[in-house]
Amino acid sequence: MSKELLEIKNLKTSFRIKDDYYAAVDDVSLTLNKNEVLGIVGESGSGKSALAFSVMGLHTRAKIEGNINFKDENIANISPAKLNKLRGEDMAMIFQDPLTALNPLMPVGEQIAEAILLHKKDMSAKQRREKVVDLLNKVGIPRPEHTYDQFPHELSGGMRQRIIIATAIANQPELLIADEPTTALDVTIQAQILDLIRDLKEDMNAGIILITHDLGVVAEMADRVAVMYAGQIVEIADVETLFDNPKHPYTRSLLNSMPSEDESQDKLHVIQGIVPSLQNLPRKGCRFSARIPWIDESAHEENPELHEVAPGHFVRCTCHNHFYFPDESKEEQVNGVS
Amino acid sequence: MWKFIVRRLFITLPQVLLLSVLIFLMAQMMPGDALSGLIDPNIDPAAIEKQRETLGLNNPWYIQYTDWITGALQGDLGQSFRYKMPVTELVEQRLINTFWLSVATLIITYIIAIPLGITSGRYNDSWADQLITGYTYIGFATPLFIFALVMLWVFGYQLGWFPTSGSVAPGLTPGSFDYVLSKIQHLLLPAISMALITTVNTVQYLRSEIIDTKQKDFIITARAKGASESRVYNRHILRNSLLPIAAFFGFEITGLIGGTVFVENIFGYPGMGDLFIQSILLRDYSVVTTVVLLFGIASILGALISDIILSLVDPRIRIK
Amino acid sequence: MAFLKVEDLKVHFPIRGGLFNRKIGAIKAVDGVSFEIEQGKTYGLVGESGSGKTTTGRAIVGLNDITEGKVTYEGDELNKKGKAIDPRRDIQMIFQDPYSSLNPKKRVLDIIAEPLRNYEKLSRQEEKNRVHELLEQVGLSPESILKYPHEFSGGQRQRIGVARAIALKPKLIIADEPVSALDVSVQAQVLNFMQDIQKELNLTYLFISHDLGIVKHMCDEIGIMYKGRYVESGTKQDIFNNPQHIYTKRLVAAIPDIDPKKREEKKQFRQEVQTEYEQSYNDYFDNEGLAYGLQSVSDTHLVALPEKG
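Chains as they are written, first to last, in our numbering: chain V, 291 to 628; chain L, 5 to 324; chain P, 1239 to 1547.
Encoded structure:
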């Protein structure tokens, strides 16, 4: 094994609605290397969180097919006992909302200590407390001894997120999954938390999957980026390529819909239509085609696959070769005349 | 937290005071007074009027109230004309009986509610849950007095497992082992009957608390730490779900009062509820007032206990 | 005369405590805020959670009581009672969360018609026609009137919220984080649409947001709030190209850069700003950690600096 830490192969995670199963993650394959940050970007309903939960085995009622290879083992559908050994020890997770992710009735120090207790059974209570205080120090909490006995509601949002991070890194996991870690935080706090995660990564030599809807966060943090739409990866590339030379219509539309640095652009790009719900996901053809109706049907593949357009740069469907923005074509004409 | 409790006590005092005023005024509005039942109707009305004057029955209500409440605070709640004894003495023994009946009922309530609530909440939508929820619906729908009658008929008369009335078998020396045993035997059937019906509230409450807590984000955090299912349940879900149940405890007491009124009557158990009905039927006003006052105080105390428990166990209130 | 003028606005919430729950202090949610908005412009109010930006907006529409200060709208003072004409119908609010700000048990017709029913006496048919017009204006189909909020997507719900807000043909709309609960692509939709109806109806916006990227896109003038006070205000150019207050600098530095190549540069810049923030904190804030009064550094640009001398 080289430096590959996690390999997801043809993962399909389906939820049961009434009598049928619907795939929220549909045939996703990707790899994560050690010491790498893989950003997964998508809007709500893209399946990005369902993917993270599948890796952590946190879905309670879902059908999981395909392989999740981690530490020489396929961990999709392994026994709860085996899973619990891995979780918190070899892989850990940081959550979106630091208030609800903490037990309101337990001192925060104890909540971090629990992660250690579960995996280092021979440690004494005193050692454990020392370790937690160390961790609190590491994540930048000013008075760790005092904070240990405080309850979540006594801390600010940024401090709570540091507690969550301390819990996640308590046993030096090799794989860290951060699910929208800064969405609930203020900008200045967001910057601090992102810096913290970056520093910790260098410290621990861990692989990080960063799930977010915020392209800015991805641009700041990720080494490679996967863009998800309707349960599938539509584009995957290293971060610079993705921002410099995005191919898939969805990626390009997303980037265009953000207010940009230069103020020349007056109107933001709007993606037509809405993200289809799980039950209404198109299961055939290009899933994004309905939202770019001005592109001719023949531009799409019948069964869109990921094509390697450059080394390490994969794009789903052939429609990207024919894609243009509706207003763009007019501009080009104008430019051509002048 | 101490501030909270002290403040809470400060609210309780005026509550009790207001309650006593209301009860007193209601008693005043009832037809007749302490003399009307006591005295031979052939006596000269002028003599009765004189008697009224000396007893202070013609004073304005607030003076009478002050007299009454001063007496009550000193343990003098007047005379029961039916039993021809001081109300205080009459109530004392009954209060003790009702107290033990309530304690037994509460214990049985929780013995039933906690395992059922946990099973139902943890394995919701399983057949066990459906069975338990079915029971709670029946419990909600069944009137206590009918259920108590059925229990008495089946276990008291048909099977003969339990005595059918009284609070203790006659002829036993108070304090002896047999006496205590007999006491327990007497209160068991009414307590079980009442608990079986009143517990359904707690079962439902605990069930929905557990189902609610199960879906909280911090449960996912616990699983992500590698906590086993049983640990997730014991350390995170149960602890957090039992908290509101603990707070509910005080209100259970209030609920019990209504229950004892029926149950004591049906089982001929000499307690406060029994006394309450009897004294109303016999227009024994001084007894009615006292019983209502005591019930009211019990309710207010129940709410107080609930708040105090909650403030003790919930850090969000504790630390302020 | 300014269109909307806020002068020394203070909104304090009492802190109760002690044995008898008496007022023992006050949270100064808004502590002396002044600004003016011109008609047809978009004024951005920026700050982090707890800065008082939302409270300021709510105080202007009358959802929070004003402790002190004056809000004048077209020359009329707003917090005075007993007015013949209610200027508040000219001022409407759009809320942050399109999921919870619409009553789930009411149909779209009733939601949008509610302000009409409060202020105008219309017949059933007139009312229905107005709602149809409004729906058309916000780009929803007329059949929507009989549907319930849960049948719409987030962006559509926010449009319903906007339709309700513009029902009385207001002149000023206070938009409190109107897009922060929405996905990026839906965000674009709502922002574009807000700009369209602004031109169409000559609306004035007070745009409250924590997202500097969006504020930059939408606003002409910007005020930065911190702990209930203004730290800086000025035109978009003043704030983004020439921030003077250390807090503004820190806020601007914290915006993630969309260009991954500038990552290192950006990180270094952020660290410099952070160091400067820590070193000069005492120069910019008083003993309580509050900002000083505003002083003008140019015609349009005000900064909270300590009085020198």
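All residues carry an ideal CB built from backbone N, CA and C; glycine is no exception.
What you are looking at is a predicted structure, and each value in this text was computed from that prediction instead of being measured.
Inset, instruction - Taking all protein chains shown into account, decide if residue 442/V is buried (16 or more other Cβ within 10 angstroms of its Cβ) or exposed. - result: For the purposes of this step, residue 442/V is taken as the residue at position 152 of the first sequence. A residue is called buried once 16 or more other Cβ atoms fall within 10 Å of its Cβ, and residue 442/V is buried on that count.
Legend entry - Listed by chain order, chain P residues near residue 549/V by CB distance under 7 Å: The residue given as residue 549/V occupies position 259 in the first sequence. Correct list: 1451, 1452, 1454 and 1455.
Inset, instruction - Could you confirm whether any beta carbon from chain L is found closer than 8 Å to the beta carbon of residue 363/V? - result: As a working mapping, residue 363/V is identified with position 73 in the first sequence. Cβ-Cβ to chain L under 8 Å: no for residue 363/V.
Inset, instruction - Could you list which residues in chain L have their beta carbon closer than 9 Å to that of residue 692/V, in chain order? - result: Nothing can be reported for residue 692/V, as the shown portion of chain V is limited to 291 through 628.
Legend entry - residue 1396/P versus 1333/P, 1453/P and 1411/P, residue with shortest Cα-Cα distance: For this step, residue 1396/P is matched to residue 158 along the third sequence. Distance check between residue 1396/P and each of 1333/P, 1453/P and 1411/P places 1333/P closest, using alpha-carbon atoms only.
Inset, instruction - Within 10 angstroms of the Cβ of residue 531/V, are there 16 or more other Cβ atoms? Answer buried if so, exposed if not. - result: As a first step, residue 531/V must be located in the first sequence, where it is residue number 241. Buried, by the Cβ-count rule.
Inset, instruction - Quick one: using the 10 Å Cβ neighbour count with 16 as the cut-off for buried, is residue 377/V buried or exposed? - result: Residue mapping note: residue 377/V aligns to position 87 of the first sequence, counting from 1. With 16 or more neighbouring CB atoms inside 10 Å of its own CB, residue 377/V falls in the buried class.
Inset, instruction - Report, in whole angstroms, the separation of the C-beta atoms of residue 214/L and residue 320/L, which I expect to be a contact under 8 Å. - result: Your numbering for residue 214/L matches position 210 in the second sequence. Your numbering for residue 320/L matches position 316 in the second sequence. A Cβ-Cβ separation of about 20 Å leaves residue 214/L out of contact with residue 320/L under the 8 Å criterion.
Inset, instruction - Would you mind sorting residue 124/L into buried or exposed? The rule is 16 or more other CB atoms within 10 Å of its CB. - result: On the second sequence, residue 124/L is found 120 positions in, with the first residue counted as 1. A residue is called buried once 16 or more other Cβ atoms fall within 10 Å of its Cβ, and residue 124/L is buried on that count.
Inset, instruction - Would you please verify whether the beta carbon of residue 603/V is less than 8 Å from any beta carbon of chain L? - result: Your numbering for residue 603/V matches position 313 in the first sequence. Chain L has no Cβ within less than 8 Å of the Cβ of residue 603/V.
Inset, instruction - Taking only the alpha-carbon atoms, compute the straight-line gap between residue 1522/P and residue 498/V and give it to the nearest angstrom. - result: As a first step, residue 1522/P is located in the third sequence; it is residue number 284 there, counting from the start. As a first step, residue 498/V is located in the first sequence; it is residue number 208 there, counting from the start. Pairing residue 1522/P with residue 498/V, the inter-Cα distance amounts to about 38 Å.
Inset, instruction - Output, in sequence order along the chain, the residues in the segment 439–462 of chain V whose CB is closer than 8 Å to any CB in chain P. - result: Answer set for the segment 439–462 of chain V: 447.
Legend entry - Segment contact, 8 Å Cβ cut-off, at least three pairs: the segment 185–199 of chain L with the segment 210–228 of chain L: Not touching, per the Cβ criterion.
Legend entry - Partners in chain V for residue 319/L, counting only beta-carbon separations shorter than 7 Å: Sequence index remark: in the second sequence, residue 319/L carries index 315 (1-based). Under the 7 Å cutoff, chain V gives 395 and 441.
Inset, instruction - Just tell me which of 1308/P, 1373/P and 1363/P has its CA closest to the CA of residue 1242/P. - result: As a working mapping, residue 1242/P is identified with position 4 in the third sequence. Of the residues 1308/P, 1373/P and 1363/P, the one whose Cα lies closest to the Cα of residue 1242/P is 1308/P.
Legend entry - Min CB distance residue 1501/P to chain V below 8 Å: For the purposes of this step, residue 1501/P is taken as the residue at position 263 of the third sequence. At least one chain V Cβ lies under 8 Å of residue 1501/P.
Legend entry - Euclidean distance between Cα positions of residue 1510/P and residue 330/V: The residue given as residue 1510/P occupies position 272 in the third sequence. The residue given as residue 330/V occupies position 40 in the first sequence. Rounded to the nearest whole angstrom, the CA to CA distance from residue 1510/P to residue 330/V is 30 Å.
Legend entry - Straight-line gap, residue 300/V to residue 517/V (C-alpha atoms, nearest Å): For the purposes of this step, residue 300/V is taken as the residue at position 10 of the first sequence. For the purposes of this step, residue 517/V is taken as the residue at position 227 of the first sequence. Distance from the CA of residue 300/V to the CA of residue 517/V, rounded to the nearest whole angstrom, comes to 16 Å.
Legend entry - Reduced DSSP secondary structure (H/G/I, E/B, other) of residue 1320/P: Taking the third sequence and counting its residues from 1, one reaches residue 1320/P at position 82. Low local confidence applies: a pLDDT of 49 at residue 1320/P is under 50, so the model's placement there is unreliable, and no value is given.
Legend entry - Below-8 Å beta-carbon distance, residue 229/L vs any chain V residue: Residue 229/L sits at position 225 when you count from the first residue of the second sequence. True, the Cβ-Cβ gap to chain V drops below 8 Å.
Inset, instruction - Compare the C-alpha of residue 591/V against each of 304/V, 612/V, 308/V and 465/V and name the closest. - result: In the first sequence, the residue the question calls residue 591/V occupies position 301. Nearest neighbour of residue 591/V by Cα position, chosen from 304/V, 612/V, 308/V and 465/V, turns out to be 612/V.
Inset, instruction - Identify the continuous beta strand (DSSP E) that holds residue 1456/P and give its terminal residues. - result: Counting from one through the third sequence, the residue named residue 1456/P turns up at place 218. According to the DSSP assignment, residue 1456/P belongs to no beta strand (DSSP E) but to the alpha helix (DSSP H) extending over 1450–1456.
Inset, instruction - Write down the C-beta distance between residue 538/V and residue 524/V rounded to the nearest angstrom, noting that I regard them as a contact closer than 8 Å. - result: Taking the first residue of the first sequence as 1, we reach residue 538/V at position 248. Taking the first residue of the first sequence as 1, we reach residue 524/V at position 234. Yes, residue 538/V and residue 524/V are in contact; Cβ-Cβ is about 5 Å, under 8 Å.
Inset, instruction - Please say whether residue 1495/P and residue 509/V have beta carbons closer to each other than 8 Å? - result: Mapped onto the first sequence, residue 509/V falls at position 219. Mapped onto the third sequence, residue 1495/P falls at position 257. The answer is yes: Cβ separation under 8 Å.
Legend entry - Between the CA atoms of residue 1303/P and residue 94/L - distance to the nearest angstrom: To locate residue 94/L, count along the second sequence from 1; it is residue 90. To locate residue 1303/P, count along the third sequence from 1; it is residue 65. Taking the straight line from one Cα to the other gives about 58 Å.
Legend entry - Contacts that residue 481/V makes with chain P (C-beta to C-beta distance below 7 Å): As a first step, residue 481/V must be located in the first sequence, where it is residue number 191. What residue 481/V touches in chain P: 1492 and 1508.
Inset, instruction - Using a Cβ-Cβ cut-off of 8 Å, state whether residue 370/V counts as contacting chain L. - result: For the purposes of this step, residue 370/V is taken as residue 80 along the first sequence, with counting starting at 1. At a cut-off of 8 Å, the C-beta of residue 370/V has a neighbouring C-beta in chain L.
Legend entry - Contact list for the segment 493–504 of chain V against chain P, Cβ threshold 8 Å: Of all residues in the segment 493–504 of chain V, 503 and 504 have a Cβ within less than 8 Å of some Cβ in chain P.
Legend entry - Pick from 1411/P, 1526/P and 1382/P that is closest to residue 1370/P, judged by C-alpha positions: Residue numbering aside, residue 1370/P sits at position 132 when the third sequence is read from its first letter. When each option's Cα is compared against that of residue 1370/P, the closest is 1382/P.
Inset, instruction - Answer yes or no: do residue 1293/P and residue 1249/P have a C-beta to C-beta separation smaller than 8 Å? - result: For the purposes of this step, residue 1293/P is identified with residue 55 of the third sequence, where counting begins at 1. For the purposes of this step, residue 1249/P is identified with residue 11 of the third sequence, where counting begins at 1. Cβ atoms of residue 1293/P and residue 1249/P: closer than 8 Å.
Inset, instruction - Tell me whether the beta-carbon of residue 1447/P lies closer than 8 Å to the beta-carbon of residue 1540/P. - result: Sequence index remark: in the third sequence, residue 1447/P carries index 209 (1-based). Sequence index remark: in the third sequence, residue 1540/P carries index 302 (1-based). The criterion of a C-beta distance shorter than 8 Å is not satisfied by residue 1447/P and residue 1540/P.
Legend entry - Three-state class that DSSP yields for residue 384/V in the structure shown: In the first sequence, residue 384/V corresponds to position 94, counting from 1. In the structure shown, residue 384/V adopts extended strand secondary structure according to DSSP, grouped into three states.
Inset, instruction - Just the C-alpha distance for residue 270/L and residue 1339/P, rounded to the nearest angstrom, thanks. - result: Here residue 270/L refers to the residue found at position 266 when the second sequence is read from its first residue. Here residue 1339/P refers to the residue found at position 101 when the third sequence is read from its first residue. One Cα belongs to residue 270/L, the other to residue 1339/P, and the distance between them is close to 53 Å.
Inset, instruction - Compute the Euclidean distance between the alpha carbons of residue 49/L and residue 253/L, then round it to the nearest angstrom. - result: As a position in the second sequence, residue 49/L is number 45, starting the count at 1. As a position in the second sequence, residue 253/L is number 249, starting the count at 1. Cα-Cα distance, rounded: 53 Å.
Legend entry - Same chain only: Cβ atoms within 7 Å of residue 254/V, ignoring 5 sequence neighbours per side: There is no way to answer for residue 254/V, as the model of chain V reaches only from 291 to 628.
Legend entry - Pair within 8 Å by beta-carbon distance, residue 342/V and residue 467/V: The sequence position of residue 342/V within the first sequence is 52, counting from 1. The sequence position of residue 467/V within the first sequence is 177, counting from 1. Yes; because the gap between Cβ atoms is below 8 Å, this pair is in contact.
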